[in-house]
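Quick note on this note's numbering: the sequence shown kicks off at 348 and runs consecutively.
Report on the structure given below.
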Amino acid sequence: MIISKQNQLIKQIKALSDKKERDRSGLYIAEGVKLVKEALSFPCRIFALIGTCDGMAKLAETRGERVEEVSEEVFLSVSTEKSPQGVMAVIYKPESFIVNEGDRCLLLDDVQDPNNVGAIIRTAAATGYNTVYLTDNCADPYSPKSVRATMGGIFRVNVVYADRNNLLKTIKKPLIVADMGGENIDTFRGSKEFCLVIGNEGNGVSEQIRKKAKYTVSIPMENGVESLNAAVSAGILMYQLKNSIRR
């Protein structure tokens with residue numbers, strides 16, 4: 348059992364709260380019983396699995412290059428949860444690759460809130476948008492907050508984090524931009540293949556992407572409401588665009 352906060356593995360895990368270290372090491376954290384169970388059920392490469400005695404007892408299986416029981420005090424020192432469940436997996440980021448397979452995908456253009464990024468990835472997985480592209484100024488999809496908000500969606504989609512110019516050169520599907528000045532999504536009829544673009548929470552979609560877009564769509568509002576949360580808007584549009592193909 349690891350009982351020292353100065354243990355090298357514990358120090359390494361603690362450092363993963365910083366994006367630079369996640370990028371350098373290619374590792375990220377998934378914490379909590381449900382997320383860890385999901386990670387174990389997928390072919391994720393697990394660098395380390397740590398937990399308290401009670402936490403480990405909640406898992407049906409354990410695997411990883413290192414599987415370590417730790418003291419309650421040590422676990423609390425690395426936990427990012429308000430109410431820790433005593434188990435955490437340190438996972439290798441999968442190779443991300445720009446592909447044009449499937450009919451629909453998603454592009455997040457400088458979405459800044461990690462909870463929004465995570466919630467959008469979760470909905471993308473649920474609606475069959477199997478590739479989520481993110482411009483390099485987006486919140487890190489592998490931050491603890493984003494991973495938690497994906498509720499396991501991070502294991503189910505191909506996440507591509509890249510420079511906007513490279514993404515625009517590579518994504519071949521028609522771009523559909525979400526914007527309040529666009530066509531009503533209720534009556535919109537587009538192509539079977541497309542890439543839905545969700546913009547920054549305050550500034551919307553960048554001009555660079557707008558110029559490349561084939562369509563612009565909006566969600567009709569009532570009662571004087573002018574806008575919706577980015578993750579809520581993305582969820583509505585993902586379902587509406589998916590269903591519009593069947594009409």
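All C-beta atoms in this analysis are idealised placements derived from N, C-alpha and C, irrespective of residue type, glycine included.
The model shown is predicted, which means the values in this text are computed figures rather than measured ones.
The residues T470, in chain order, have a CB closer than 7 Å to that of G582 in the same chain once the five nearest residues on each side in sequence are set aside. Here the alpha carbons of V414 and R503 stand approximately 24 Å from one another.
Going by DSSP, C400 is part of the alpha helix (DSSP H) stretching over 400–404.
Contiguous beta strand (DSSP E) elements confined to the segment 520–586 occur at 522–531, 541–545, 562–565, taking only those with 3 or more residues. Contact annotation, S426 with M348: C-beta distance approximately 17 Å; criterion of less than 8 Å not satisfied.
Note that the segment 355–370 does not touch the segment 460–476; fewer than 3 beta-carbon pairs, one per stretch, sit closer than 8 Å. Excluding sequence positions up to five before and after D457, its CB lies within less than 8 Å of the CB of T482, N484, C485, G546, N547, N550, S553, all in the same chain and listed in chain order. In the displayed model, T478 falls within a strand according to three-state DSSP. The Cβ atoms of E530 and S565 lie closer than 8 Å to each other. In the three-state DSSP reduction, F394 falls in the strand class (E or B). Per DSSP, R495 is one residue of the alpha helix (DSSP H) stretching across 491–497. Rounded to whole angstroms, the gap between the alpha carbons of A466 and L575 is 14 Å. Where L454 is concerned, the enclosing beta strand (DSSP E) starts and stops at 451–455.
Nearest to P491 by C-alpha distance, out of S424, M568, A377, is A377. For the 8 Å CB-CB criterion, I518 and A560 do not form a contact. DSSP places R410 outside both helix and strand once states are collapsed to three, so it counts as coil. Sequence-distant Cβ neighbours of L514 in its own chain, meaning closer than 6 Å and more than five residues away, are Y480.
DSSP places A486 in no beta strand (DSSP E); its state is neither H nor E. The beta carbon of P567 sits closer than 6 Å to those of N531, all from its chain and outside the five residues before and after it, given in chain order.
The residues P431, in chain order, have a CB closer than 7 Å to that of L423 in the same chain once the five nearest residues on each side in sequence are set aside.
With a beta-carbon spacing of about 6 Å, V544 and I556 fall inside the 8 Å limit used to define contacts. Beta-carbon to beta-carbon, K352 and V421 are separated by about 6 Å, close enough to satisfy the 8 Å threshold.
Here N505 carries a strand assignment [DSSP, helix/strand/coil]. In the DSSP annotation of this structure, the continuous segment of the alpha helix (DSSP H) that includes I357 starts and ends at 355–362. Here P441 is actually not in contact with S493; their C-beta atoms are around 15 Å apart, not less than 8 Å.
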